[in-house]
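Taking this note's numbering, the leading residue of the sequence shown gets 46, the next gets one more, and so forth. Positions of the beta carbon are idealized from the N, C-alpha and C atoms, including for glycine. A quick note: this is a predicted structure, and the numbers were derived from the prediction, not measured.
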Amino acid sequence: MPAQHIFDWYLAEMAKDAQKDIEVEKRKIGDTLLIAAKTAGDVWKPELDRFFPGASDLDNLPDGSWLLRLSFTLARPFTSKTENEFHHYEEREVKKNPLKKKPFEVHSPIVRDHTTGWPMVKPTTWKGHLRFAAELLSGVDKKILLQLFGSSRDDEGQTGRLHFFATFFTGNTEKEVITSLERDTRTPNDRAPITVETVPAGSEGTFCLLYVPWPKGSNWKSVQVAQDLQVAMMAVKTMLLEYGFSAKKTAGWGIVQNKLTKGSLVLKGPIWPEPGVSNEGSLEHFEEPQEEFHKYIDDKGNVKNEYLQNGQFLSRSQYKRRREGDSANFEAFKAWYQKSGSTWAARRAGKLESAPVTEAKKTKTYQVCYVTDLVGLGEQLASTIAAGEEDANA
Numbered sequence: 046m047p048a049q050h051i052f053d054w055y056l057a058e059m060a061k062d063a064q065k066d067i068e069v070e071k072r073k074i075g076d077t078l079l080i081a082a083k084t085a086g087d088v089w090k091p092e093l094d095r096f097f098p099g100a101s102d103l104d105n106l107p108d109g110s111w112l113l114r115l116s117f118t119l120a121r122p123f124t125s126k127t128e129n130e131f132h133h134y135e136e137r138e139v140k141k142n143p144l145k146k147k148p149f150e151v152h153s154p155i156v157r158d159h160t161t162g163w164p165m166v167k168p169t170t171w172k173g174h175l176r177f178a179a180e181l182l183s184g185v186d187k188k189i190l191l192q193l194f195g196s197s198r199d200d201e202g203q204t205g206r207l208h209f210f211a212t213f214f215t216g217n218t219e220k221e222v223i224t225s226l227e228r229d230t231r232t233p234n235d236r237a238p239i240t241v242e243t244v245p246a247g248s249e250g251t252f253c254l255l256y257v258p259w260p261k262g263s264n265w266k267s268v269q270v271a272q273d274l275q276v277a278m279m280a281v282k283t284m285l286l287e288y289g290f291s292a293k294k295t296a297g298w299g300i301v302q303n304k305l306t307k308g309s310l311v312l313k314g315p316i317w318p319e320p321g322v323s324n325e326g327s328l329e330h331f332e333e334p335q336e337e338f339h340k341y342i343d344d345k346g347n348v349k350n351e352y353l354q355n356g357q358f359l360s361r362s363q364y365k366r367r368r369e370g371d372s373a374n375f376e377a378f379k380a381w382y383q384k385s386g387s388t389w390a391a392r393r394a395g396k397l398e399s400a401p402v403t404e405a406k407k408t409k410t411y412q413v414c415y416v417t418d419l420v421g422l423g424e425q426l427a428s429t430i431a432a433g434e435e436d437a438n439a
């Protein structure tokens, strides 16, 4: 907002002038803020995509990380109440005299981003509504909820593995007039109707959710990544289609259409299966070894003898007896070596120095067309990882 809007000073100065009506001056400020917000929104609109993370942002995050990005359409209005005390007004006809108009306060203006001026869903709002939806899921271990959302107990809180981003609505807002009801009887009371600013149904927004498998804790197992994903996908579906993420969600506000404008789930690391059939033996799918894999291979690119038995990789139980830490890393190395080990050894031997090798594919992308697809996708990925764990333990 413009720097000259020093409102407390302005109102204090106006109070010195007996001819000035403070309520009128506050109304002017509210209207000025709305104009400034709309002007800022027009300036920032071409830069909207810069506010959201992309697939490349996963490159420097731990394996097992994922990014969900859904471009949705509102099925019902969305609203939120700003903490700004300066509300804008709109001209309306007076009931007793239709030819006369007077300014009416918009009692509940929507929350707007301070930089862009756009109506927004705050990251904290997303987190609160998603946690609410997750806690209503049946059969979900509370430990998984703690892993995903963290805890806040005094100064000993634990951060969660989910990270949230703001959603912006760049279209026009509308006004809804709501009749005040008695809490007990749900019947209209004597108070005047309330005017609420809303983002109307049909408006589009983008929901981004980032998962990073950290903190891991003392009981960390790689299968937690699959469990976390499955619960998160169920919670997102429940929030978006059933409970909503808006104020007045008990009235059905803040739910979205099932069909997405665009959707993707980007996953990082060898633990995740490919979304389709690929020619794993080709150079195009060669992957450089991760830094932690180098302890298992010698300078020639071959697996060190201590990690083999009768020419075969150690089993998970055999590896655990070596007491070298989490066996999930060794299992990930085995998966990498079966896919790219021979190519890596050939390169180390100088046999492929002149062969063109493309950059390693660090992420895998699944397309999401419907919100309801999230549950099946989460189950599919979780079961694939669980099956891999069972095979490794056999």
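The C-alpha of Pro-258 is placed about 16 Å away from the C-alpha of Gly-423. Less than 8 Å divides the Cβ of Val-311 from the Cβ of Ala-100.
Here the alpha carbon of Trp-317 sits roughly 8 Å from the alpha carbon of Lys-409. Proximity to Asp-94 across Glu-70, Leu-79, Leu-115, Phe-378 peaks at Leu-115, based on C-alpha coordinates. Exclusion of the five residues before and after Asn-303 leaves Leu-286, Tyr-415, Val-416, Thr-417 as the residues of its chain whose Cβ lies within less than 7 Å of its Cβ. Contact fails between the region 179–197 and the region 158–166, because fewer than three Cβ pairs, one in each stretch, are under 8 Å apart. The residue among Gly-184, Thr-127, Thr-212, Gln-203 with its C-alpha nearest the C-alpha of Leu-119 is Thr-212. Unbroken alpha helix (DSSP H) runs of no fewer than 4 residues, entirely contained in the region 204–288, are found at 268–283, following chain order. Within the same chain, Cβ atoms closer than 8 Å to the Cβ of Asn-347 are found at Ala-390, the five residues on either side in sequence being excluded. For the pair Lys-407 and Lys-282, the CB atoms are not nearer than the 8 Å cut-off.
The alpha carbon of Val-222 has as its nearest neighbour, out of Leu-103, Thr-124, Ser-267, the alpha carbon of Thr-124.
Cβ contact annotation for Val-420 (same chain, cutoff 7 Å, sequence separation greater than five): Met-278, Met-279, Lys-282, in chain order. With respect to Pro-122, Pro-320 sits apart: the two C-beta atoms are not nearer than 8 Å.
By alpha-carbon distance to Gly-386, the top candidate from Ser-110, Glu-337, Gln-412, Glu-332 is Glu-332.
In chain order, Ser-372 place their CB closer than 8 Å to the CB of Lys-365, counting only its own chain and leaving out the 5 sequence neighbours on each side. Judged by their CB atoms, Phe-209 and Lys-266 are not nearer to each other than the 8 Å cut-off. Take the alpha-carbon of Leu-305 and the one of Ala-296: they are about 23 Å apart. If the five residues before and after Thr-429 are omitted, its C-beta is found closer than 7 Å to the C-beta atoms of Pro-318, all from its own chain and listed in chain order. Look at Val-156 here: in three-state DSSP terms it is coil, with no helix or strand label. When DSSP states are grouped into helix, strand and coil, Lys-307 belongs to the strand group. Counted as a single uninterrupted DSSP element, the beta strand (DSSP E) harbouring Lys-409 occupies residues 408–412.
Assignment of Phe-338 by DSSP, reduced to helix, strand and coil, places it in the helix class. Using a 10 angstroms sphere on the CB of Val-276, the tally of other CB atoms reaches 16 or more, which defines it as buried.
Sequence-distant partners of Lys-83 (beyond 5 residues in either direction) whose C-beta falls short of 7 Å from its own C-beta, in its chain, are Gly-162.
Looking at the backbone, the Cα of Tyr-341 and that of Asp-108 are separated by about 18 Å. Burial check for Gln-269: the Cβ neighbour count within 10 Å reaches 16 or more, so the residue is buried.
Judged by their CB atoms, Asp-102 and Arg-206 are not nearer to each other than the 8 Å cut-off. In the DSSP assignment, Trp-171 falls within the unbroken alpha helix (DSSP H) covering 168–180. Apart from the 5 residues on each side of it in sequence, Gly-299 sits with its Cβ closer than 6 Å to the Cβ of Phe-123, Gly-289, Phe-290, Ser-291 in its chain, given in chain order. Your pair Phe-375 and Phe-252 does not check out as a contact, with CB atoms roughly 36 Å apart and the cut at 8 Å.
In this structure, Ala-271 lies near Ala-431, with their beta-carbon atoms less than 8 Å apart. Counting only residues of its own chain and dropping the five nearest sequence neighbours on each side, Glu-337 has a CB closer than 7 Å to the CB of Asn-374. Counting every other CB atom within 10 Å of its CB across the protein chains shown gives Gly-250 a total of 16 or more, marking it as buried.
DSSP places Leu-193 outside any beta strand (DSSP E); the residue lies instead in the alpha helix (DSSP H), whose first and last residues are 187–194. A distance below 6 Å between beta-carbons, with the five flanking residues on each side excluded, links Phe-358 to the following residues of its chain, in chain order: Lys-379. The residues Val-276, in chain order, have a CB closer than 6 Å to that of Val-185 in the same chain once the five nearest residues on each side in sequence are set aside.
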